[in-house]
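**Student:**
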Amino acid sequence: MAVDKKKLKVVNNKTHSIDGQGLMQGRSYYTDDLAEQNSLVIKILRSPHAFAHIKSIDVSEAQKLNGVELVLTYKDVPHVSFSRAGQGYPEPSPHDKFILDEYVRYVGDEVAMVAAINERVAEEALKLIKVEFEVLEPVLDFETAYENKSVIHPEDGIKEMFPIGFDPKKNVAASYEMEVGDVEKELAKSDVIVDETFYSQAQAHAMLETHSSNARLDTHNRLVIYSSTQTPFHMRRIMATTLGLPVSKIRFIKPRVGGGFGGKQAFHGEMFCALTTLRTGKPSKLVYTREEVFGASYTRHPMRIRMRIGAMKDGRINAIDCRSLSDTGAYGEHSLTVFMIVGSKVLPLYNKVDAVKFGGRVVYTNHVPAGAYRGYGAIQGNYALEATVDILAEKLGMDPKVLREKNSMKEKETSPIFEIMGEGTKGTAMIMESCKLPYCIKRGAELIGWDKKWPRVKVSDTKVRGYGMAIAMQGSGIPFMDMGSCSIKLNDGGSYNVTVGATDIGQGSDTLIAQIVAEELQTTVDNILIYSSDTDLTPFDCGAYASSTTYISGNAAWRAAIKMRERLIKEAAEYLGEKPENVEFDGKIFTSKDKQVSLYDLSVQFLYNKNLHQVSITESYYGHVSPPPFMAAYAEVEVDLETGEYDILNYVTVTDCGTTINPMLARGQVEGGIVQGLGMACFEDVKYDKKGNLLSNNFLGYHIPTHKEIHKLTSEFADSYEPTGPFGAKSVGEIGIDTPPAVICNAIYNATGVRVHTLPITPEKILKGIKELKK
Amino acid sequence: MLVTFYLNNTQVSYDVRPDEYLSQTLRSHGIKSVKVGCNESTCGSCTLLLDDKPVMSCSVLTASIEGKHVTTVEGIQEEAAKISYYFAEEGADQCGFCNTGYALVVYSLKRTIKNPTEEQIIDYIVGNLCRCSGLQSQLNAIKAYLKEE
Amino acid sequence: MKVNEYYRASSLEDAYQKLQASPKNAILAGGLWMKKMGQSYDTIIDLSKLGLDKIEDKKDEVVVGSMVTQRDFENSKIVSFLYAGAPAFAVREVMGVNFRNLATIGGSIMGRYPFSDVITGLLPYDVELEFYPAQKMSLEEYLNYKGKMNAILVAVHIKKGEGKGYFKKVKTTALDFPIVNIAVSKVSGEYRVVVGARPMVAARSYKAMEYLNNGGKDFAKAAELAVEELSFMDNKDSSKEYRVDLAKVYVRRGLEEVSK
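Chains as they are written, first to last, in my numbering: chain A, 4 to 778; chain B, 56 to 204; chain C, 209 to 468.
1. Hey, A/Val290 and A/Thr232 are a contact pair by Cβ (cut 8 Å); roughly how many whole angstroms apart?
2. State the start and end residues of the unbroken beta strand (DSSP E) segment that holds C/Gln343.
3. In this structure, what does DSSP give as the bridge partners for B/Met111?
4. Between A/Ile155, A/Gly509 and A/Thr656, which has its C-alpha nearest A/Pro2's C-alpha?
5. Pop quiz: C/Tyr249 and C/Val305 are said to be a contact at Cβ under 8 Å. What is the actual Cβ separation, rounded to whole angstroms?
6. Give the DSSP bridge partners of A/Ile491, in chain order.
7. Only counting the same chain, and skipping five residues up and downstream in sequence, which positions put a Cβ closer than 6 Å to that of A/Ser619?
8. Can you give the beta carbon distance from A/Glu422 to A/Ile481, rounded, assuming they're within the 8 Å contact cut?
9. Exposed or buried, what is A/Ser463 when buried is set at 16 or more other beta-carbons lying within 10 Å of its beta-carbon?
10. From the DSSP secondary-structure annotation, give me the bridge partner or partners of A/Glu180.
11. Output the residue ranges of the alpha helix (DSSP H) runs that lie fully inside the segment 581-658 of chain A and measure 4 residues or longer, sorted by chain position.
12. Per DSSP, what are the beta-bridge partners of C/Ala391 in this structure?
13. With 9 Å as the threshold, decide whether the Cβ of A/Ser699 is near any Cβ in chain C.
14. Do you know how far the Cα of A/Pro458 is from the Cα of A/Leu716?
15. Based on Cα-Cα distance, which residue from A/Phe730, A/Thr431, A/Arg309 and A/Ala636 lies nearest to A/Ile451?
16. In this structure, how does DSSP classify C/Tyr353 when only helix, strand and coil are distinguished?
17. Using the C-alpha atoms, what's the distance from A/Val71 back to A/Gly284?
18. Excluding five sequence neighbours on each side, which residues of the same chain lie with their C-beta closer than 6 Å to the C-beta of A/Gly111?
19. List, in chain order, every chain A residue whose beta-carbon is nearer than 9 Å to that of B/Lys198.
20. Starting from the beta carbon of A/Glu712, find every residue of chain C whose beta carbon is closer than 8 Å, and list them in chain order.
21. If we call anything under 9 Å between Cβ atoms a contact, is A/Gln518 one with A/Val503?
22. Applying a beta-carbon distance threshold of less than 7 Å, which residues of chain A neighbour C/Tyr353?
23. Just how far apart, CA to CA, sit B/Leu159 and B/Pro109?
24. To which residues of the same chain is B/Cys185 closer than 6 Å at the C-beta, ignoring the five residues directly before and after it?
25. Does B/Thr65 have its Cβ less than 9 Å from a Cβ in chain A?
26. Exposed or buried, what is C/Pro386 when buried is set at 16 or more other beta-carbons lying within 10 Å of its beta-carbon?
27. So, at 6 Å on beta carbons, what are the nonlocal neighbours of C/Met209 in its own chain, with the 5 sequence-adjacent residues on each side left out?
28. For a cutoff of 9 Å on Cβ pairs, would you count C/Ser256 as touching chain B?
29. Would A/Glu712 and A/Phe686 be called neighbours here (beta carbons separated by less than 9 Å)?
30. May I ask you to list, following chain order, the residues of the segment 113-146 of chain B that have a beta carbon less than 8 Å from some beta carbon of chain A?
31. Any beta carbon of chain B sitting closer than 9 Å to that of A/Lys17?
32. When the cut-off is 9 Å and only beta carbons count, does A/Val260 lie next to chain B?
33. Please tell me whether, using a cut-off of 8 Å, the distance from the CB of C/Glu349 to the nearest non-hydrogen atom of the ligand NAP is below it.
34. Let me make sure I understand the geometry here. Which of A/Ser86, A/Phe145, A/Glu189 and A/His714 has the alpha-carbon closest to that of A/Arg311?
35. What residues match up with C/Asn233 in a beta bridge as DSSP calls it?
36. With 9 Å set as the bound, which would you pick, yes or no: does the beta-carbon of C/Ile252 sit closer than that to a beta-carbon of chain B?
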């Protein structure tokens, strides 16, 4: 179905986001805007201890407080283990969480829940709950978690859904091993071996809308939940199983979401809203405070990654060994899948190796749980791999750009890793039908002035500019697992209702699905009335994760539009008394020889006058491959050699994401990802005290980039066409975040000679390194 | 206690607690355009104009605004639409949660500083966090809006 | 934060009486950190009707009302003439405009916050605090004053002078507390050196000042003296060692700047 991009009128053309204006004008459309006016307000009593057993809990005083409607402890809720991760079924994450439990496993873990007539009363009631804790020895260093004498999950009733290496008695949430060829043999043969270990931190999503959900019973006494979620259909399924309700009793609606980035691909307050409304019959709501978002939701998995790379003198990389240790915190959401991506979406970049090995463990600690976060696994792996490749290039005496050009993935090539590794399961073999990585590398080098400036340019005695680069890849959904679907219904007048399960969390999927449908049906975006993510009203979609929406849901929408077009032509042919193959449709008029009928007339006829019927179509799609988007990134940094402070003067990216369905939104995804990645690379530090209290639990302690830190982003796209994607598109939601840690690490090294192995790359670490070099 | 002030030029009197904050008061009276992102004066999502100056409404006690003028995005609908046009042109809008705060800050900037320098623009908007965009597209959109006659 | 009563004072005496009435009564300034601290108050006292939001240009000094917002201070023409704009620049480094439109100069000073950019930015100069009931105290005396001040800050008197100031806030991002902040001045030939956020509240370095004001020309040595004299500590934002390194560099650079 190759399409001539030049003929496209809507797709790949500048199109304003369809809801931008309404949101800027302040329409009430986010989850908490839609809570019932008289909702009971839910507050959670949270653990002050990193690890403790609840010896006794007395809620009688809280229950007596006027205005308190419900108090719940572990004694009052179903004792069913589940995973809060919003993933497909069976979940690849361990079922290691109870709604409430007699153990608390991190500072911030849930002890009890109060629902009251307002926030003041709910907060007052929390203070009246008396808890006696038996404080246990916490595990606060993930490098000592394995087989630690403190077992974080000693309880019965927790399980894995299929083998994921779950071994809770050893504090292991998941583990994984793979090898292609014989890495040790190939390393032994190599002329040069580099062996480097890197640490990355527990980045916080810091989406501006805090986690929010609310519930009410409808007139059929069904539970209706509004939730700021990325995965409404998974939420419905997991909630039904955990609460012992039929799926038919629950409706999840995702309104506008104020940023997700993976942080909303999991349960937050939904179970508590459901229980409160089911038990009291009253509407309820739970809105996280900012402190709860930082200290009681999820973070990126902190990791230690050891990379060993062997190469020949001519620069051929022949073996890569990647050993990882990942900290999933108190619970194992996404523990295996994040871990596997460290290998599966990173190591195939250098596909010409004779041997590659990946493995290690995901361990429990008494930290805030880790979960899904944009670019998960890939950003950690990319930092370690791409910094190590630069180190290798220096050892080989090569320009790292040339080393990458020589060894990296090209079009029509493959990697054995694709077939071996999927997300939690086996993978899918695939050939790179679209891979413009060589162009991206070349073009990015031109834009930054690499050949003239690398590795450094001296500005003054105290200032020097350094240049760094990295390459990256992602995927486009999970093959044979992620499914999206789309229904299109013709209205009188010729507009179309489009309903999709796809979850717009701000990335603009409603807009680009409308574009895809409009393009195929030769109409305009304002003629497409899109409604998404309501488990009652829209067809199924796995949700917004794994860079799947454009590719999976977009393909579903494209297929539905193609079918709708065929159907309309058939209907018009019948109406005109012609054969379908003789009917032409230009989006407005059906023409066959001398006969014509407009879509307008036809649509009115069907509903009011003749041959009365509703024209509608539903199509779905799942991937058979997961075509990776590729990127080359370069940065220019200016370092103050006396203080270690640095500015990122320019960050250049060239991206191959196939056709950009919406070029402006695609740029927004890339640049938004870059800035989040720069946050992780440079500013966002996570600090705990010795007792496991999170210190960086607000925006004064946790520093996300502001307008003053971002000076210049130069973002271009390669001309690329992915034959399996809608109008040639691949995904673009995550690729942007992957490169900054490695790029900045490499640029700082090139400026100063200091290699920072632990994120974030702070001025303090750089200065320390500069001082050591002087010694 | 009863507090009387002007909400988008209409006089209103609300019965509030002495420790109630303006963001809370407005949201409880249906002004949901006021978004609370941190509730501790660090993110700027709840920004509105108090006597024409941008302030974080999560940190203004409602009791303190007796007689003052409050402008929310409901009071600048046309300008918000214009600003949104430039955001869309640059692909700067994503989740939208910070956008109402931005609209008010940018509207205020246009009326406060004639022909601001880039440094002045950044200084004016830096108190409004955005986690979605690359920030540069927003800045470009804002510059374009400020240039509009 | 919990408050039982919101009280709009009709006069300074009225406010003062109310303040004395209970240890759980407090004056409301910008209210920003008051919220963050989350305490309970019986009464909070609003001074907004008392005309304390004016900046006056006097012969030898600029008088800044305690309720002047940080934003009005940094934008004031009168303030901009002080020491080549250094105090105004220091205030501009605090958070965003939507914050500084609320935060007051009086609140910033009275809190004696260790992270204060306002205090560091003013401390090199001759700054006197005017309280009600009538009492005057230099900014430096107030920083060293033991115990809680029960009087109400009315105005901040900044003496005019011929010379230049320098201010540097080292930070991770723009919306951040300083890792360390440095203010240096040369007024009528006399140097002053201040380092704040060590992470303790700002202080002058008298050893560095003595060296410089007795003909010492080596700015790096002056910076060494400053870090020797002033105490520095670790906290989550920075190690003690890094703070010392930064202070050394920026005191030296500040001195180079103001002596140009």
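Don't be surprised by glycine CBs; every beta carbon is placed ideally from N, CA and C.
**Tutor:** A quick look at the data gives this:
1. Taking the first sequence and counting its residues from 1, the one referred to as residue 290 of chain A is at position 287. Taking the first sequence and counting its residues from 1, the one referred to as residue 232 of chain A is at position 229. Not confirmed; about 14 Å, so no contact.
2. The residue given as residue 343 of chain C occupies position 135 in the third sequence. In the DSSP assignment, C/Gln343 falls within the unbroken beta strand (DSSP E) covering Gln343 to Ser346.
3. One-based indexing of the second sequence puts residue 111 of chain B at position 56. Residue pairing for B/Met111: DSSP places it in a beta bridge opposite B/Thr102.
4. A question about residue 2 of chain A goes unanswered here, because the residues of chain A that appear run from 4 up to 778.
5. The sequence position of residue 249 of chain C within the third sequence is 41, counting from 1. The sequence position of residue 305 of chain C within the third sequence is 97, counting from 1. Between C/Tyr249 and C/Val305 the beta-carbon gap is near 28 Å, outside 8 Å, which marks them as no contact.
6. One-based indexing of the first sequence puts residue 491 of chain A at position 488. Residue pairing for A/Ile491: DSSP places it in a beta bridge opposite A/Val501 and A/Ile620.
7. Numbered from its first residue, the first sequence carries residue 619 of chain A at position 616. Once the five neighbours on either side are set aside, the close Cβ partners of A/Ser619 are Lys492.
8. Start at 1 with the first residue of the first sequence, and residue 422 of chain A comes out as number 419. Start at 1 with the first residue of the first sequence, and residue 481 of chain A comes out as number 478. That pair is no contact at about 14 Å.
9. Locating residue 463 of chain A in the first sequence gives position 460, counting from the first residue. By the neighbour-count rule (16 or more Cβ atoms within 10 Å), A/Ser463 is not buried but exposed.
10. Numbered from its first residue, the first sequence carries residue 180 of chain A at position 177. Its beta-bridge partners are A/Gly362.
11. The segment 581-658 of chain A contains these whole alpha helix (DSSP H) runs: 602-607.
12. Residue 391 of chain C sits at position 183 when you count from the first residue of the third sequence. The bridge partners DSSP lists for C/Ala391 are C/Phe375 and C/Val402.
13. The count along the first sequence starts at 1 and reaches residue 699 of chain A at position 696. Yes, contact with chain C.
14. Position 713 of the first sequence holds residue 716 of chain A. Position 455 of the first sequence holds residue 458 of chain A. Cα to Cα, the separation comes out at about 20 Å.
15. For the purposes of this step, residue 451 of chain A is taken as residue 448 along the first sequence, with counting starting at 1. Comparing Cα positions, the closest option is A/Ala636.
16. Position 145 of the third sequence holds residue 353 of chain C. If DSSP states are grouped into helix, strand and coil, C/Tyr353 belongs with coil.
17. For the purposes of this step, residue 284 of chain A is taken as residue 281 along the first sequence, with counting starting at 1. For the purposes of this step, residue 71 of chain A is taken as residue 68 along the first sequence, with counting starting at 1. Distance between the alpha carbons of A/Gly284 and A/Val71 is about 14 Å.
18. As a first step, residue 111 of chain A is located in the first sequence; it is residue number 108 there, counting from the start. Around A/Gly111: Arg49, Gly298 and Ala299.
19. Here residue 198 of chain B refers to the residue found at position 143 when the second sequence is read from its first residue. The premise fails here: B/Lys198 is roughly 12 Å from chain A at the closest Cβ pair, so nothing lies under 9 Å.
20. Against the first sequence, residue 712 of chain A aligns to sequence position 709. Neighbours of A/Glu712 across chain C, judged by C-beta separation under 8 Å: Thr381 and Ala382.
21. On the first sequence, residue 518 of chain A is found 515 positions in, with the first residue counted as 1. On the first sequence, residue 503 of chain A is found 500 positions in, with the first residue counted as 1. One thing to note: A/Gln518 has its Cβ no nearer than 9 Å to the Cβ of A/Val503.
22. Looking up residue 353 of chain C in the third sequence gives position 145. The contacting residues do not exist; C/Tyr353 stays about 26 Å from chain A at best.
23. To locate residue 159 of chain B, count along the second sequence from 1; it is residue 104. To locate residue 109 of chain B, count along the second sequence from 1; it is residue 54. Looking at the backbone, the Cα of B/Leu159 and that of B/Pro109 are separated by about 7 Å.
24. The count along the second sequence starts at 1 and reaches residue 185 of chain B at position 130. Scanning its chain for C-beta atoms nearer than 6 Å, with the 5 sequence neighbours on each side dropped, one finds around B/Cys185 the residues Cys153, in chain order.
25. On the second sequence, position 10 is the one that residue 65 of chain B refers to. Closer than 9 Å: no.
26. Counting from 1 along the third sequence, the entry for residue 386 of chain C is found at position 178. Buried.
27. What you label residue 209 of chain C is simply residue 1 of the third sequence in a count that begins at 1. Within the same chain, C/Met209 has close Cβ partners Lys243 and Gly246.
28. To locate residue 256 of chain C, count along the third sequence from 1; it is residue 48. Yes, C/Ser256 lies at the interface with chain B (some Cβ there is under 9 Å from its Cβ).
29. Within the first sequence, residue 712 of chain A is the residue found at index 709, counting from 1. Within the first sequence, residue 686 of chain A is the residue found at index 683, counting from 1. Pairing A/Glu712 with A/Phe686 gives a Cβ-Cβ distance under 9 Å.
30. Correct list: Thr127, Val128, Glu129, Gln132, Ala135, Ala136, Ile138, Ser139, Tyr140, Phe142, Ala143, Glu144, Glu145 and Gly146.
31. Numbered from 1 along the first sequence, position 14 holds the residue referred to as residue 17 of chain A. Yes, A/Lys17 lies at the interface with chain B (some Cβ there is under 9 Å from its Cβ).
32. Position 257 of the first sequence, counted from the start, is the residue given in the question as residue 260 of chain A. Taking Cβ atoms only, chain B reaches closer than 9 Å to A/Val260, which makes this a yes.
33. Here there are no bound small molecules, and the ligand NAP is not part of this structure.
34. Position 308 of the first sequence, counted from the start, is the residue given in the question as residue 311 of chain A. Selection A/Ser86, A/Phe145, A/Glu189 and A/His714 evaluated against A/Arg311 yields A/Glu189 as nearest (Cα-Cα).
35. Residue mapping note: residue 233 of chain C aligns to position 25 of the third sequence, counting from 1. For C/Asn233, which the question treats as bridged, DSSP gives the partners C/Thr251.
36. The residue you call residue 252 of chain C lines up with position 44 of the third sequence. Closer than 9 Å: yes.
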